[in-house]
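Under the UniProt record's numbering, think of the first position of the sequence shown as 1, with each following residue one higher. The structure appears below as structure tokens.
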Amino acid sequence: MEPKLGYGWTEEKIPDLTGTSAIVTGANSGLGFVTAAQLAAHGAAVTLAVRDAARGAAAVERMRPRLPDAELTVRVLDLASLASIAAFAEEFSAGTGRLDLLVNNAGVMNLPERRTSDGFEMQFGTNHLGHFALTGRLLPLLTASPDARVVTLSSIVHRIGRMNFDDLMGSRHYRAWPAYGQSKLANLLFTSELQRRATAAKVPLRALAAHPGFALTNLQTAGPAMRGADNTTRRSRLVATLTREFAQPAVWGALPTLYAATLPGLAGNSFVGPEGLGQQHGHPVPVSRSKRAENADDARRLWAESERLTGVTYAFA
């Protein structure tokens with residue numbers, strides 16, 4: 001039966017997820033926290049994949065009063081470390097026989113130049129390469145599920161992104177916002193190529209993407225805070241003011257992710273965002289993406305580069 005794609009979708013329309021196993025990266029705060037809580041509220045067994053175990057445990061404690069019987073697990077995952085990703089995937093795979101939903105939610109935004117432990121530019125390394133490696137390492141569990149989904153968070157900012165294959169890490173010339181835009185464009189190219197490969201292999205895996213519009217999270221202040229005290233005061237105050245005035249709350253920002261993760265019949269490679277002007281606010285609906293995000297040659301090239309850089313090769317057979 002075809003889904004009814006239209007206005008007015010909220011978390012109340014999430015179907016019963018009993019028996020579903022899900023991972024949400026970056027689930028201790030913001031959009032990830034809301035996503036994990038809503039999935040658990042509708043019956044899913046949810047693993048909160050977080051950098052800090054204590055913060056993950058605190059997030060579970062915040063959920064418990066409303067979800068006393070929910071199956072919630074905290075596991076440590078640092079997407080800026082290929083070793084941490086490999087250890088997480090090995091531990092998760094050894095502890096469960098099932099994975100139906102992977103939500104690649106965690107991310108960093110507008111950072112001063114930083115490198116991951118493997119030498120990758122931090123935004124590209126975390127937002128794209130980290131999730132590429134994680135998805136690849138969990139692929140055997142995902143392909144064993146009869147109806148698995150991988151939902152990856154992109155951003156409106158993907159529209160300023162360009163794939164600079166000659167300097168993916170910004171080593172010659174780094175600018176924070178273009179680097180972020182490239183990482184979010186990479187999320188969409190990854191989604192389309194993952195869907196293409198799954199379809200070619202006749203694997204019942206759906207790759208989807210979502211973006212929250214302009215949502216109230218800690219991403220907006222984390223970048224300025226890393227630039228030093230003077231810069232923090234000036235930029236953080238401006239960003240905090242704009243965010244308070246114009247951003248929708250995280251409970252609304254998470255709706256596109258939840259829609260992509262749970263709507264029955266949603267086609268693979270769908271991109272979901274808010275319905276409102278400029279895709280900034282409102283109920284979730286399928287939305288458009290930039291022409292560069294539809295470039296199949298760039299998607300294949302990015303995939304090859306990602307396998308080379310991470311050492312993770314996807315085997316669908």
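Idealized CB from N, CA, C, for every residue including glycine.
Review point. Going straight from the alpha carbon of P284 to that of A254, what length do you get?
Key: Here residue 284 is taken as the residue at index 284 of the sequence shown, counted from 1. Here residue 254 is taken as the residue at index 254 of the sequence shown, counted from 1. So the alpha carbons of these two residues sit roughly 9 Å apart.
**Study point:** Assumed close pair S290, R159 - CB separation to whole angstroms, cut-off 8 Å
**Key:** Numbered from 1 along the sequence shown, position 290 holds the residue referred to as residue 290. Numbered from 1 along the sequence shown, position 159 holds the residue referred to as residue 159. Confirmed, Cβ separation roughly 5 Å.
**Study point:** Range covered by the beta strand (DSSP E) that runs through L72
**Key:** Working through the sequence shown from its first residue, we reach residue 72 at position 72. That run of the beta strand (DSSP E) goes L72 to V76.
Practice item. Please report the residue range of the beta strand (DSSP E) in which I23 lies. Key: Locating residue 23 in the sequence shown gives position 23, where the first residue counts as 1. S21 to T25 is the extent of the beta strand (DSSP E) around I23.
Practice item. Using three-state DSSP, classify Q280 as helix, strand or coil. Key: To locate residue 280, count along the sequence shown from 1; it is residue 280. Q280 falls in the coil class under three-state DSSP.
Review point. Is S288 buried or exposed, if buried means 16 or more other CB atoms sit within 10 Å of its CB?
Key: By one-based count along the sequence shown, residue 288 stands at place 288. Exposed, since its Cβ has fewer than 16 Cβ neighbours within 10 Å.
Check your understanding: Nearest CA to the CA of L99: which residue from Q279, G125 and V151?
Key -> If you number the sequence shown from 1, residue 99 lands on position 99. For the residues Q279, G125 and V151, the minimum Cα distance to L99 belongs to V151.
Check your understanding: At what residues does the alpha helix (DSSP H) containing A207 begin and finish?
Key -> In the sequence shown, counting from the first residue as 1, residue 207 sits at position 207. Counting along the chain, A207 falls outside any alpha helix (DSSP H), though it belongs to the beta strand (DSSP E) covering L205 to A210.
Exercise for review: Using three-state DSSP, classify E305 as helix, strand or coil.
Suggested key: Within the sequence shown, numbered from 1, the residue matching residue 305 stands at position 305. It is helical.
Point to revise | Supposed close pair T310, L82 - CB separation, criterion 8 Å | key: Taking the sequence shown and counting its residues from 1, the one referred to as residue 310 is at position 310. Taking the sequence shown and counting its residues from 1, the one referred to as residue 82 is at position 82. With 8 Å as the limit, T310 and L82 qualify as a contact, their Cβ atoms being about 6 Å apart.
Practice item. Decide yes or no for the touch test of the segment 30–39 against the segment 108–127: beta carbon pairs closer than 8 Å, at least 3 of them. Key: no
Practice item. Inspect the beta-carbon positions of A209 and F271 and report whether they are closer than 9 Å. Key: If you number the sequence shown from 1, residue 209 lands on position 209. If you number the sequence shown from 1, residue 271 lands on position 271. Result yes, Cβ atoms of A209 and F271 sit closer than 9 Å.
**Study point:** Continuous beta strand (DSSP E) stretch holding G273: start and end
**Key:** For this step, residue 273 is matched to residue 273 along the sequence shown. In this chain, the beta strand (DSSP E) harbouring G273 covers F271 to P274.
Exercise for review: Leaving aside the five residues before and after W9 along the sequence, list all residues of the same chain whose C-beta is less than 8 Å from its C-beta, in chain order.
Suggested key: Position 9 of the sequence shown, counting from 1, holds the residue named residue 9. Taking C-beta separations shorter than 8 Å and ignoring five residues to either side along the sequence, the partners of W9 in its chain run L255, Y259, L263, H283, P284 and V285, following chain order.
Exercise for review: Would you kindly work out how many angstroms separate the C-alpha atoms of P68 and T25, rounded to a whole number?
Suggested key: For the purposes of this step, residue 68 is taken as residue 68 along the sequence shown, with counting starting at 1. For the purposes of this step, residue 25 is taken as residue 25 along the sequence shown, with counting starting at 1. Each residue's alpha carbon lies about 22 Å from the other.
Review point. Taking buried to mean at least 16 other C-beta atoms within 10 Å of its own C-beta, is R137 buried or exposed?
Key: In the sequence shown, the residue the question calls residue 137 occupies position 137. Label assigned to R137: buried.
Review point. Can you name the start and end residues of the alpha helix (DSSP H) that R292 belongs to?
Key: Residue 292 sits at position 292 when you count from the first residue of the sequence shown. Segment: none, R292 is in no alpha helix (DSSP H) and carries neither H nor E.
**Study point:** First and last residue of the uninterrupted alpha helix (DSSP H) at R137
**Key:** Indexing the sequence shown from 1 puts residue 137 at position 137. Counting along the chain, the alpha helix (DSSP H) containing R137 begins and ends at H131 to R137.
Exercise for review: State the DSSP-derived secondary structure class of R66, mapped to helix, strand or coil.
Suggested key: Residue 66 sits at position 66 when you count from the first residue of the sequence shown. Three-state result, R66: coil.
**Study point:** Among V203, V108 and E193, the one whose alpha carbon lies nearest that of residue 368
**Key:** The requested residue 368 does not occur in the structure, where the chain is confined to residues 1 to 317.
Practice item. Rounded to whole angstroms, what's the CA-CA distance from V60 to L72? Just pull it up for me. Key: By 1-based counting over the sequence shown, the position of residue 60 is 60. By 1-based counting over the sequence shown, the position of residue 72 is 72. Cα to Cα, V60 sits roughly 7 Å from L72.
Review point. Considering only C-alpha positions, which residue in the set A89, S154, Y174 and D166 is nearest to T135?
Key: Against the sequence shown, residue 135 aligns to sequence position 135. Nearest option by C-alpha distance: A89.
Point to revise | Member of E11, G170 and W303 whose CA lies at the smallest distance from the CA of L188 | key: Taking the sequence shown and counting its residues from 1, the one referred to as residue 188 is at position 188. Answer by Cα proximity: W303.
**Study point:** DSSP-derived helix/strand/coil call for E113
**Key:** Translated into the one-based positions of the sequence shown, residue 113 becomes position 113. Note: E113 maps to coil in three-state DSSP.
Review point. How would you write the range of the beta strand (DSSP E) that A45 sits in, first residue to last?
Key: Here residue 45 corresponds to residue number 45 of the sequence shown, with the count starting at 1. First-last of the beta strand (DSSP E) with A45: A45 to V50.
Exercise for review: Kindly give me the distance between the Cβ atoms of N105 and T35, rounded to whole angstroms, as I take these residues to be in contact under 8 Å.
Suggested key: Reading the sequence shown from its first residue, position 105 is the one you call residue 105. Reading the sequence shown from its first residue, position 35 is the one you call residue 35. Correct: roughly 6 Å between the Cβ atoms.
Exercise for review: Mind checking who N105 pairs with in its DSSP beta bridge?
Suggested key: Along the sequence shown, one-based indexing puts residue 105 at 105. DSSP output for N105 lists no bridge partner at all.
Check your understanding: Does DSSP classify A254 as helix, strand or coil?
Key -> Taking the first residue of the sequence shown as position 1, residue 254 is located at position 254. In this structure, A254 counts as coil in the three-state DSSP scheme.
Exercise for review: Using three-state DSSP, classify R175 as helix, strand or coil.
Suggested key: Residue mapping note: residue 175 aligns to position 175 of the sequence shown, counting from 1. If DSSP states are grouped into helix, strand and coil, R175 belongs with coil.
Check your understanding: Is DSSP giving A148 helix, strand or coil here?
Key -> In the sequence shown, residue 148 corresponds to position 148, counting from 1. In the structure shown, A148 falls within a strand segment according to DSSP collapsed to helix, strand and coil.
Review point. Does the distance from the C-beta atom of A200 to that of N269 stay below 9 Å?
Key: As a position in the sequence shown, residue 200 is number 200, starting the count at 1. As a position in the sequence shown, residue 269 is number 269, starting the count at 1. Contact: no.
Point to revise | Helix, strand or coil at P140 according to DSSP, with G and I counted as helix | key: Looking up residue 140 in the sequence shown gives position 140. Residue state, collapsed to three classes: helix.
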